[in-house]
Amino acid sequence: MKRVVYAHYQKFERDGSYVHVTKFSEEFGGICDEQGIEFTVMAPPLETGVPGQKKSFVDRLKSRLAQFYISDIKAFLVQSKRMLEERRQLKELKPDLVLTRFDYNTFSIIWACRSLNIPVVLEINSPDHEEREVNYLRVPGAEHFFSSTRALSLCDGGFAVSNVLTEEYKVESTRGLPVHSIPNGVTVEQFDPHMSGAPVREELGIDEDEVVIGFVGSFAPWHRMDMLFDSFSYLIGQGYKVRLLLVGQVKPESEESVARANQSDIKDHVTFAGFVPSNEIDKYLAAMDITVLQNSAYYCSPLKMFEYMAMETAVLSLGTEPVKEMLVDGEEGLLFPPGDGEAMTQALTKLVEDKELRERLGKAARERMVKEFTWRHNAEKVYDLLNEVYSTSDKVPNY
């Protein structure tokens, strides 16, 4: 294996997926350099817009028209055209193997690879029913045609971000393709647990003696901000000196999710920091004593958890299977049953009351990240999978 191409379609810096592809590319590129492999990233130009921002009249009109079969037709035409351009690029680059990240736009690169007989490995981050939540009128057969299951069937191997998701695709794969479980990671060097949170606290008007409970995210409806607000309201009602620090952009579709923060019982104790670039998020995590993940999809390997743990904060999270793969309850963080608000409140109260517990959990959490969950670990596992696919493939690219 002498040349590898990584093709992705992430173009907004404010998307969590952009952090993923950027950090992975850096680490995987480093491994390729060590092995004498030429590594190229094929990606769209970075856009300055904000995903989820309010749309113009023309954009809203396009979205409305897309409900009437047009979305699927447009996707097919756009990707067919792009496939020709990507095919030209691949003929110039002459890769031995292509790695791509699944989304609705992935098929063009897969088609291009198949037309040139190039082995392809697919990364999957969510199941089909989560990947494209639309209420559009679909062209008959389009849902399957653009599915990750079908995309995987056109590839030579794949990996998913958690064991539970990997098992789903192993069951659905009829060709016995190698499908591995490779969780996300974190650049631990970016997160210094000794960094002082005082500058951010001072800037945001947070008292030194307040226990800061933090959340980083987009405040989407599925983040269940209501659970966090309810638990926080209980703490305020009990007289605890706490502050809720929320970091992230409030998009139009998320405004209802955070409206509870304006109610009188907690309003004076909630601070919104707004959007923070990924390379500055450590400063805000340093200002937090406790970090929370109150809800996540059953299959998700949440990036924020890796960052919470790398920064040595005390983590409180729901106990999905992927989260349990990252930390042991009571050793590297505290877990509660998904959706159990009462259990979450009890665990949060315990952390607020016990500083020594917070420190012990935080130190153990970072140690776990350093040992098992860096982006380097992630890239090494992907490299091993690519080697496996390449060494067992009988494909000979026809450049």
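First residue of the sequence shown: 1, per UniProt numbering; consecutive thereafter.
Every residue, glycine too, gets a C-beta built ideally from N, C-alpha and C.
- Restricting attention to GLY237, ALA297 and TRP222, the CA atom closest to the CA of ASP268 is found in GLY237.
- Less than 8 Å separates the beta-carbon of VAL315 from that of GLY333.
- Straight across, the Cα-Cα distance linking ALA310 with ILE206 is about 23 Å.
- Taking a contact to require three or more Cβ pairs closer than 8 Å, the stretch 212-223 and the stretch 281-300 qualify as touching.
- For ASN125 and PRO183, the gap between their C-alpha atoms comes out near 10 Å.
- In the displayed model, VAL250 falls within coil according to three-state DSSP, outside both helix and strand.
- Sequence-distant partners of ASP329 (beyond 5 residues in either direction) whose C-beta falls short of 6 Å from its own C-beta, in its chain, are LEU335.
- For ALA75, the enclosing alpha helix (DSSP H) stretches over residues 70-93.
- Every unbroken stretch of the beta strand (DSSP E) spanning 3 or more residues and falling wholly within the stretch 280-307 is given here in chain order: 290-293.
- Per the coordinates, the alpha-carbon of PHE219 lies some 33 Å from the alpha-carbon of ILE110.
- Within the model, the alpha-carbon separation for ARG87 versus LEU152 is close to 19 Å.
- In the DSSP assignment, GLU123 falls within the beta strand (DSSP E) that extends over 120-124.
- Contact between LYS363 and GLU312 holds: their C-beta atoms lie close to 6 Å from each other, under 8 Å.
- Under a 10 Å Cβ-count criterion, ASP394 is classified as exposed, with fewer than 16 other Cβ atoms of the shown protein chains found around its own Cβ.
- With contacts defined by Cβ atoms closer than 8 Å, ALA379 and GLU27 form a contacting pair.
- For the pair PHE107 and PRO140, the Cα-to-Cα distance works out to about 18 Å.
- A distance below 6 Å between beta-carbons, with the five flanking residues on each side excluded, links THR40 to the following residues of its chain, in chain order: VAL5 and LEU93.
- Boundaries of the alpha helix (DSSP H) harbouring ILE109: 107-116, taken from the DSSP string.
- Per the DSSP secondary-structure output, PHE24 pairs with nothing in a beta bridge.
- Exposed is the label assigned to LYS91, since fewer than 16 other Cβ atoms lie within 10 Å of its Cβ.
- Excluding residues up to 5 positions away in sequence, ALA286 and ALA287 lie with their Cβ nearer than 6 Å to the Cβ of GLY197 in the same chain.
- From the listed residues GLY185, TYR9 and ASN105, the smallest Cα separation to SER301 is found for GLY185.
- For ILE236, no beta strand (DSSP E) run applies; the uninterrupted alpha helix (DSSP H) run containing it begins and ends at 225-237, by DSSP.
- The beta carbon of ASP265 sits closer than 8 Å to the beta carbons of SER233, ILE236 and GLY237 from its chain, once the five residues preceding and following it are set aside; these are given in chain order.
- The Cβ-Cβ distance between LEU318 and PRO338 falls below 8 Å.
- The secondary-structure analysis by DSSP pairs HIS180 across a beta bridge with PHE159.
- The Cβ neighbour count for ALA365, taken over all protein chains shown within 10 Å, is at least 16; the residue is labelled buried.
- Using a 10 angstroms sphere on the CB of PHE275, the tally of other CB atoms stays under 16, which defines it as exposed.
- In this chain, GLU331 is not harboured by any beta strand (DSSP E), its DSSP state being neither H nor E.
- When only Cα atoms are considered, ASN279 and VAL389 end up about 34 Å apart.
- For the pair ARG101 and GLU85, the CB atoms are not nearer than the 8 Å cut-off.
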